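Trainee:
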Amino acid sequence: AQSVTQPDIHITVSEGASLELRCNYSYGATPYLFWYVQSPGQGLQLLLKYFSGDTLVQGIKGFEAEFKRSQSSFNLRKPSVHWSDAAEYFCAVAQYSGGGADGLTFGKGTHLIIQP
Amino acid sequence: EAGVTQSPTHLIKTRGQQATLRCSPISGHTSVYWYQQALGLGLQFLLWYDEGEERNRGNFPPRFSGRQFPNYSSELNVNALELEDSALYLCASSRGLAEQFFGPGTRLTVL
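Residue numbers (this note's numbering), protein chains in the order written: chain F, 6 to 121; chain B, 72 to 182.
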């Protein structure tokens with residue numbers, strides 16, 4: 006069965022500093038990977054996705070992620086964080102069948118705190 | 072383009088009652104997914120509907136059920152509510168082999 010691990014429950018970063026959120030996955034085939042962000046009491050917003058091709062993917066809000074098959078990782082990065090980036094971040098993997106995408110398997114999430 | 076919408080925003084029920092949650096997907100999306108986000112349990116996949124059929128379900132008891140209508144909107148029903156069913160229920164939609172877009176969720180509180 007597929008699984009996703011986000012080893013950091015909380016991360017605190019100063020505004021303007023760089024950010025890296027870690028994600029490791031376990032999946033038998035080529036994974037389809039996603040990063041979502043959730044503000045308090047809200048739904049999830051898709052930041053970026055990896056389906057195939059270039060292993061460095063660009064997303065919204067200045068985020069990027071790099072797929073490393075050898076390390077089973079899909080880490081999220083941002084060169085300079087803003088106070089508005091404070092939120093919960095979820096890494097997810099999807100399994101696809103002939104009829105479409107099966108349910109996503111999510112990591113437990115990383116809570117990002119921005120210090121002024 | 073309108074996003075995924077869910078209703079109601081909040082729902083308060085008592086133990087043993089039934090709850091009905093509704094979801095309207097993005098126009099053109101045929102798949103609808105339901106997830107439960109309960110405190111301490113994270114985001115868990117509940118159900119997947121596509122073209123009116125249930126395609127898969129997560130590890131939840133049969134009292135969690137639903138359906139998808141011809142216009143692709145969907146309903147999630149939770150029967151015989153238990154206290155631990157209190158959670159944020161998120162609906163997502165997608166089109167074919169593509170990413171899922173989420174709605175704002177319905178907060179269900181069971182007293």
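Beta carbons are placed, not taken as given, at the ideal position from N, Cα and C, and that holds for glycine. In this text the structure is predicted, and so the values were computed from the model without any measurement.
Return helix, strand or coil for B/Q89, following the three-state DSSP convention.
Mentor: coil
Trainee: Measuring straight from C-alpha to C-alpha, what distance separates B/L92 and B/S165?
Mentor: 19 Å
Trainee: Please list, in chain order, the chain F residues whose beta carbon lies closer than 7 Å to that of B/F173.
Mentor: G48, L49
Trainee: Using only the alpha-carbon positions, how far apart do B/F140 and B/G123 sit?
Mentor: 6 Å
Trainee: Relative to the C-alpha of B/L82, which candidate in B/L147, B/F172, B/Q171, B/A163 has its C-alpha closest?
Mentor: B/L147
Trainee: Does chain F have any CB closer than 8 Å to the CB of B/Y143?
Mentor: no
Trainee: Identify the residues that DSSP records as bridge partners of F/T35: which are they?
Mentor: Partner(s): none; F/T35 has no beta bridge.
Trainee: In three-state terms, what does DSSP make of B/I83?
Mentor: strand
Trainee: DSSP three-state label for B/Q115, please.
Mentor: It is a strand residue.
Trainee: What residues from the segment 82-96 of chain F come within 7 Å of chain B, judged by C-beta to C-beta, listed N to C?
Mentor: F95
Trainee: Under 8 Å, CB to CB, which of the residues in the segment 26-43 of chain F have a partner in chain B?
Mentor: So the close ones are F39, Y41.
Trainee: Can you tell me which of the three DSSP states F/I119 falls into?
Mentor: strand
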